[in-house]
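Residue numbers for the sequence shown, in this note's numbering: 889 to 1223. Just so you know, even glycine gets a beta-carbon here, dropped at the ideal spot from N, CA and C. Every value quoted in this text rests on a predicted model; they were computed, and no experiment measured them. Here is the structure we will look at, set down as structure tokens.
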Amino acid sequence: MKICVIKGDGIGHEVVPVAVRVLRQVIPELEVVSAEAGWDRFHDSGDALPDETVDIAREAQAVLFGACSSPSYPVAGYSSPIVKLRKLMQTYANLRPTRFLPVPTAKQGVDLVVVRENTEDLYIGDEKTADAGDTGTATKRITRQASERIAHTAFRLARGEGRRRVTIVHKGNVLPQTDGLFRRVAYEVSKAYPEIETDELLVDTAAYWMVKEPTRFDVILTPNLYGDILSDMAAAWGGGLGLAPALNMGDDVAIAEPVHGSAPDIAGEGIANPTAVILSAAMLVRHHWNMPEIADRIDAAVNAALRLGDYTADILGADGMSTADFADLICEKLS
Ligand code: NAI
Ligand code: MG
């Protein structure tokens, strides 16, 4: 069993090694191969995602990814390496669960999964500029094939986890040719899963309910961009971004990657919460390697460690606990 580990930038260097330590403890035979990607790597070599990294990732078929910094302005030759890697590895589904965790900022009763389409929508990054930079246009692409694939993923997940309902989230009223297609295909696919209830919400209304009553959600099935935004909102109910895991999945391939980014505001301080990346690794163990007992052990150790601390969610440092202390605590709970 092999995993390609990419720390990336910022707090990736602090939290990813903790998840690797956890994985090594529960799967001693695991082979870990490190690879580079990110903004720092781009500055060093002009290449944010070297071919060598892609080769290692493809060979392992399993990746643990920290986060990469990406500027919000155009930089010649740079595009987000994780968006590229998801595409190259054909991880077409991004699963982003939010469950209550024992920290003061989490909301009791929340247990939802955002199933985000991971290969198209505005994320294809097909942008044009005209009028000497005063007009920008981006292409939003939705296809039947990708919509079908992600809809089956959502309904299979609901079935597999004994969940009741899939909510299709879209903006088909304004975008009938793209989101409308996504919605139509999702309803077609739902017919194959008669035991699961299917409903729908416009994305703005979904955002309202995510703030007002997150416990109403079970599985959310949605295109790429809405999934990105709604899953960050949901993360607040799970205790915060430092606790929110995610898994990119394809057929026989997976990239575990927390919802959060490189957190430059706290990078280097040793206080980043490794929970999100550890829980992401546990998702890979569960869904990709099919080792649910081991995934349960990791989840239980994280819960036990969180229960012991009086943390203010994301930032462990508030009560004097560092990333390293928390890592020790989790590994102690695992043994
Ligand atoms: P961010 O998720 O990095 O940080 C948002 C806030 O949450 C910050 O206050 C940060 O300190 C806190 N936070 C995040 N993770 C935490 C953790 N594990 N423990 C404690 N606190 C944590 O989002 P932001 O600031 O918008 O983006 C920073 C950089 O990360 C940008 O360059 C962005 O492009 C990149 N990014 C990369 C992602 C990826 O590689 N998958 C995803 C999101 C952002
Ligand atoms: Mg995001």
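Taking the alpha-carbon of residue i as reference, which of the options has the nearest alpha-carbon?
i: Asp-1116; options: Gly-1127, Ala-1095, Asp-1106; result: Ala-1095
i: Gly-898; options: Val-920, Ser-957, Ala-1192; result: Ser-957
i: Ile-915; options: Ala-1193, Met-1179, Ala-1189, Leu-1194; result: Met-1179
i: Glu-1220; options: Val-903, Arg-909, Ile-891; result: Arg-909
i: Ala-948; options: Met-889, Leu-1069, Phe-1105; result: Met-889
i: Gly-896; options: Gly-965, Ala-1124, Glu-917, Ala-936; result: Ala-936
i: Gly-1130; options: Val-991, Gln-1065, Leu-983; result: Val-991
i: Val-1190; options: Ala-1155, Ala-1132, Ala-1151, Pro-1111; result: Ala-1132
i: Leu-973; options: Ile-1143, Asp-999, Asn-982, Pro-905; result: Ile-1143
i: Leu-1113; options: Cys-892, Glu-940, Val-1002; result: Val-1002
i: Leu-1172; options: Val-1057, Gly-1156, Arg-1195, Gly-1138; result: Gly-1138
i: Ile-1166; options: Pro-1152, Ala-1155, Glu-1157, Ala-1188; result: Ala-1188
i: Gln-996; options: Gly-1127, Ile-1159, Leu-1217, Asn-1136; result: Gly-1127
i: Arg-946; options: Val-1099, Ala-1164, Val-1141; result: Val-1141
i: Trp-1125; options: Asp-1009, Arg-984, Gly-900; result: Arg-984
i: Asp-939; options: Ser-960, Asp-928, Pro-969, Lys-1079; result: Pro-969
i: Gly-926; options: Leu-911, Arg-1104, His-1176, Gly-965; result: Gly-965
i: Leu-1045; options: Val-1062, Pro-959, Asn-1061, Tyr-1081; result: Tyr-1081
i: Ile-1182; options: Thr-1093, Leu-911, Ile-1218, Asp-1087; result: Leu-911
Taking the CB atoms as reference points, tell me whether residue i and residue j lie closer together than 7 Å.
i: Gly-1149; j: Ala-994; result: no
i: Ala-981; j: Thr-1066; result: no
i: Ile-894; j: Phe-953; result: yes
i: Arg-1051; j: Val-1107; result: yes
i: Ile-1056; j: Leu-1135; result: no
i: Pro-1162; j: Val-920; result: no
i: His-1058; j: Phe-1043; result: no
i: Ile-1186; j: Ala-1212; result: no
i: Val-942; j: Leu-976; result: yes
i: Gly-1009; j: Pro-1111; result: At residue 1009 the sequence reads Asp, which differs from the Gly that was named. Against a cut-off of 7 Å, the Cβ pair of Pro-1111 and Asp-1009 comes out as a contact.
i: Thr-986; j: Val-998; result: yes
i: Leu-1222; j: Leu-989; result: no
i: Lys-1016; j: Thr-1007; result: no
i: Ala-923; j: Ile-891; result: no
i: Val-1054; j: Ile-1084; result: yes
So what does residue i bridge to, in DSSP terms?
i: Asp-999; result: Arg-987
i: Met-1179; result: None, per the DSSP bridge assignment.
i: Asp-1087; result: Thr-1055
i: Phe-953; result: Ile-894
i: Ala-852; result: In the structure as shown, the chain begins at 889 and stops at 1223. Residue 852 is therefore absent and cannot be evaluated.
i: Val-1141; result: Gly-1138
i: Asp-1022; result: Answer is none; Asp-1022 lacks a bridge partner.
Please confirm whether residue i has its beta-carbon closer than 7 Å to some beta-carbon of chain B.
i: Pro-992; result: The structure shown has no chain B; it contains just one protein chain.
(request) Using the beta-carbon of each residue, find all residues closer than 6 Å to any heavy atom of the ligand ATP and list them in chain order. (result) The ligand ATP is not part of the structure shown, which contains the ligand NAI and the ligand MG as its ligands.
(message) Contact between the region 1021-1039 and the region 1065-1080 is defined here as three or more beta-carbon pairs at a separation below 8 Å; is this criterion met?
(response) Counting Cβ pairs under 8 Å, three or more are found: they touch.
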